[in-house]
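Each protein sequence line maps, in turn, to chains Z and L. Taking this note's numbering, the leading residue of the first sequence gets 1, the next gets one more, and so forth. Taking this note's numbering, the leading residue of the second sequence gets 202, the next gets one more, and so forth. Even glycine gets a Cβ: it sits at the ideal position worked out from N, Cα and C. Read through the structure below, which is laid out as structure tokens, and then see the notes.
Number of protein chains: 2
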Amino acid sequence: MPKASTIKAKEGTKAQLLEAGARIMTEKGYNHTGILEILQETGVPKGSFYYYFASKEDFGLRIIDDFAEAYSQTLDEYFKDTSLSPLNRLRKYCEDGRKKFEAQECRKGCLIGNLSQEMSDQSEIMRVRLEEVMNGWRDRFADCLKEAQKQNEIPARYDAKALAEFFLSGWEGAVMRSKVTKSTKPIDTFIKMVFEKLFVP
Amino acid sequence: MPKASTIKAKEGTKAQLLEAGARIMTEKGYNHTGILEILQETGVPKGSFYYYFASKEDFGLRIIDDFAEAYSQTLDEYFKDTSLSPLNRLRKYCEDGRKKFEAQECRKGCLIGNLSQEMSDQSEIMRVRLEEVMNGWRDRFADCLKEAQKQNEIPARYDAKALAEFFLSGWEGAVMRSKVTKSTKPIDTFIKMVFEKLFVP
DNA sequence: AACACATTAGACCGGTCGTCTAGAAATGTC
DNA sequence: GACATTTCTAGACGACCGGTCTAATGTGTT
Numbered sequence: 001m002p003k004a005s006t007i008k009a010k011e012g013t014k015a016q017l018l019e020a021g022a023r024i025m026t027e028k029g030y031n032h033t034g035i036l037e038i039l040q041e042t043g044v045p046k047g048s049f050y051y052y053f054a055s056k057e058d059f060g061l062r063i064i065d066d067f068a069e070a071y072s073q074t075l076d077e078y079f080k081d082t083s084l085s086p087l088n089r090l091r092k093y094c095e096d097g098r099k100k101f102e103a104q105e106c107r108k109g110c111l112i113g114n115l116s117q118e119m120s121d122q123s124e125i126m127r128v129r130l131e132e133v134m135n136g137w138r139d140r141f142a143d144c145l146k147e148a149q150k151q152n153e154i155p156a157r158y159d160a161k162a163l164a165e166f167f168l169s170g171w172e173g174a175v176m177r178s179k180v181t182k183s184t185k186p187i188d189t190f191i192k193m194v195f196e197k198l199f200v201p
Numbered sequence: 202m203p204k205a206s207t208i209k210a211k212e213g214t215k216a217q218l219l220e221a222g223a224r225i226m227t228e229k230g231y232n233h234t235g236i237l238e239i240l241q242e243t244g245v246p247k248g249s250f251y252y253y254f255a256s257k258e259d260f261g262l263r264i265i266d267d268f269a270e271a272y273s274q275t276l277d278e279y280f281k282d283t284s285l286s287p288l289n290r291l292r293k294y295c296e297d298g299r300k301k302f303e304a305q306e307c308r309k310g311c312l313i314g315n316l317s318q319e320m321s322d323q324s325e326i327m328r329v330r331l332e333e334v335m336n337g338w339r340d341r342f343a344d345c346l347k348e349a350q351k352q353n354e355i356p357a358r359y360d361a362k363a364l365a366e367f368f369l370s371g372w373e374g375a376v377m378r379s380k381v382t383k384s385t386k387p388i389d390t391f392i393k394m395v396f397e398k399l400f401v402p
């Protein structure tokens, strides 16, 4: 009996469930994703699911938390990179997002954005959590834009938080349009407009 | 027997189904909306549904078509209103959209936008139809912006179609953010940024 | 070995889903 | 008014869902 690997698999069960859940829900949404499907993909038996999670909603909430935590580190990589100017950090973030989206054939998009659209009217508890996560992102963008204002990369006459909200919602909308057109053009247009017209002195 | 009203009800059965379907799907999405639910709301018996529609997907497609046709007239009301300047037509469109969204307690949002997000990766035939509808809107916006360029309301150095795409995706994103924050603030910010920064000479 | 505790097995439930077919009701034709 | 045709309805059907349950198994401690 491979004792060590068995133990390792067990320890990772919850994480496996969360990973598969996030991946499948990003593509298929919350309602269209079945627990059975996640169980089959991970090889975890059905009986175990409700040992780890109280309900599907609880599962969804933990997926959001997990994703938010991991993504926070991704944001660090971009926004703590002092080798680039604040605006160029944002630009790199956009361009890498574009590349990633293209690499997955203009599918899926953003887990948090998708769930926000789908779940805001369906589950108040998920809505609140989703709002917190996205507000956190907006505030990160706002910090970056404030920095850009300090360095005179962008005009100081607009509230950085409003600019960040506009940027975030515009990005999410562009991703949605890119999904439905199966092309990166809407994202390309977003990047062009933001950096050539919106973020100019 | 109230023959006339019976006949009328029958003639309207399909339209009733489509109306209720559009209303419920706007709020709950395609996957989370049950046919039974629509049937109960309209009083139409279950067996009738598949007489009028080949499948749920076909039903969804017809809802999209119906909505697109009706919405095209709504767009006419705004964009054929020559008593306003082109930019003010667009502004009125935004502000009325904001009011409508607020009136329904920051819920629902845009049927086509919601379905685009939800269905693009799930049904190719719906994706294509959704893309056509939204591209049509974008082109209407672009025509309005071209007119605005002619009248020197906005700078001519940007392609009106790109501007329109940016406007459309930004609007959809702002509605999504407003749904999740249960506030019109993201929409307000969008309107402010678009008309004070993006659409300025 | 005996114990408590963590985890898994998988049957089971009530419910809803989308689909289908038989036939009732309405309509048209002669 | 009888018959044929089309239009519409009734409700059963099987598949699958999220969620729950009890029994069994594995693990670590003493």
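Residue range of the alpha helix (DSSP H) that includes residue i
i	result
ASP297 (chain L)	287–304
ALA361 (chain L)	361–382
THR243 (chain L)	236–243
LYS80 (chain Z)	Here LYS80 (chain Z) belongs to no alpha helix (DSSP H), and DSSP marks it neither H nor E.
ALA357 (chain L)	Segment: none, ALA357 (chain L) is in no alpha helix (DSSP H) and carries neither H nor E.
GLN122 (chain Z)	That residue, GLN122 (chain Z), is in no alpha helix (DSSP H); it is neither H nor E in DSSP.
SER249 (chain L)	247–253
Contact list for residue i against chain Z, beta-carbon separation under 9 Å
i	result
GLN323 (chain L)	GLU27, LYS28, GLY29, HIS32
Residue i versus residue j - alpha carbon distance
i	j	result
LEU87 (chain Z)	CYS144 (chain Z)	7 Å
GLY12 (chain Z)	PRO45 (chain Z)	14 Å
THR189 (chain Z)	ARG140 (chain Z)	23 Å
TYR231 (chain L)	GLY261 (chain L)	8 Å
LEU198 (chain Z)	PHE367 (chain L)	11 Å
TYR78 (chain Z)	GLU196 (chain Z)	20 Å
MET394 (chain L)	TRP171 (chain Z)	14 Å
ILE35 (chain Z)	LYS56 (chain Z)	8 Å
GLY298 (chain L)	PHE53 (chain Z)	40 Å
ILE392 (chain L)	THR74 (chain Z)	30 Å
GLU306 (chain L)	ALA70 (chain Z)	33 Å
ASN135 (chain Z)	SER83 (chain Z)	26 Å
ASP277 (chain L)	SER286 (chain L)	15 Å
SER169 (chain Z)	ALA269 (chain L)	24 Å
GLN217 (chain L)	LEU331 (chain L)	22 Å
PRO186 (chain Z)	GLN323 (chain L)	20 Å
GLU37 (chain Z)	ASP66 (chain Z)	20 Å
TYR51 (chain Z)	SER72 (chain Z)	28 Å
GLU212 (chain Z)	HIS233 (chain L)	Residue 212 (chain Z) is absent from the structure shown; chain Z starts at 1 and stops at 201.
Residue i (DSSP reduced to helix, strand or coil)
i	result
CYS106 (chain Z)	coil
ASP389 (chain L)	helix
TYR30 (chain Z)	coil
VAL401 (chain L)	coil
ASN336 (chain L)	helix
SER55 (chain Z)	coil
ALA205 (chain L)	Low per-residue confidence applies at ALA205 (chain L): pLDDT is 32, beneath 50, and the placement is therefore not dependable, though the value from the model is reported in the following sentence. Of the three classes helix, strand and coil, the one that applies to ALA205 (chain L) here is helix, per DSSP.
Neighbour list for residue i in chain Z, Cβ cutoff strictly below 8 Å
i	result
ALA221 (chain L)	Those do not exist, as ALA221 (chain L) stays about 17 Å from chain Z at its closest Cβ, beyond 8 Å.
GLU258 (chain L)	Near GLU258 (chain L) there are no residues of chain Z at all, since even the closest Cβ is about 13 Å away, more than 8 Å.
THR214 (chain L)	Within chain Z, no residue comes near THR214 (chain L); the closest Cβ sits about 27 Å away, beyond 8 Å.
GLU242 (chain L)	Under the 8 Å cutoff, chain Z gives no residues; its nearest Cβ is about 17 Å from GLU242 (chain L).
LEU399 (chain L)	MET193, LYS197, LEU198
ARG378 (chain L)	SER116, MET134, GLU165, LEU168, SER169, GLU172
ARG292 (chain L)	Result: empty, since nearest Cβ-Cβ is about 16 Å, beyond 8 Å.
Partner residues on chain L for residue i, Cβ-Cβ distance less than 7 Å
i	result
LEU130 (chain Z)	VAL381
ALA160 (chain Z)	Residues of chain L passing the Cβ test: none, with the nearest at roughly 12 Å.
PRO218 (chain Z)	Absent from the model: residue 218 (chain Z). The displayed extent of chain Z is 1 to 201, so no value can be given.
PRO186 (chain Z)	GLU366, SER370
THR60 (chain Z)	Sequence check: residue 60 (chain Z) is Gly here, not Thr. Simply none; closest approach about 13 Å.
Under 7 Å by beta carbon: chain Z residues contacting residue i
i	result
PHE391 (chain L)	PHE166, SER169
Contacts that residue i makes with chain L (C-beta to C-beta distance below 8 Å)
i	result
LYS108 (chain Z)	ASP322
heavy atom of the ligand HEM below 6 Å from residue i C-beta
i	result
VAL381 (chain L)	In the structure on display, the ligand HEM does not appear, and there are no ligands present to speak of.
Closer than 9 Å at the beta carbon, the chain L residues around residue i
i	result
ARG140 (chain Z)	Here the premise fails: no neighbours, minimum Cβ distance about 15 Å.
Next item on the list: Examine the Cβ distances between the stretch 306–316 of chain L and the stretch 217–233 of chain L and report whether three or more of them are shorter than 8 Å.
Entry: yes
Checklist line | Stretch-stretch touch, CB-based, cutoff 8 Å, three pairs: the stretch 149–162 of chain Z with the stretch 172–188 of chain Z | finding: no
Notebook entry, point to check: Are the stretch 159–168 of chain Z and the stretch 127–139 of chain Z in contact at 8 Å, needing three or more beta carbon pairs?
Noted result: yes
Next item on the list: Would you check if the stretch 103–110 of chain Z and the stretch 39–56 of chain Z touch, i.e. whether three or more CB-CB distances between them fall below 8 Å?
Entry: no
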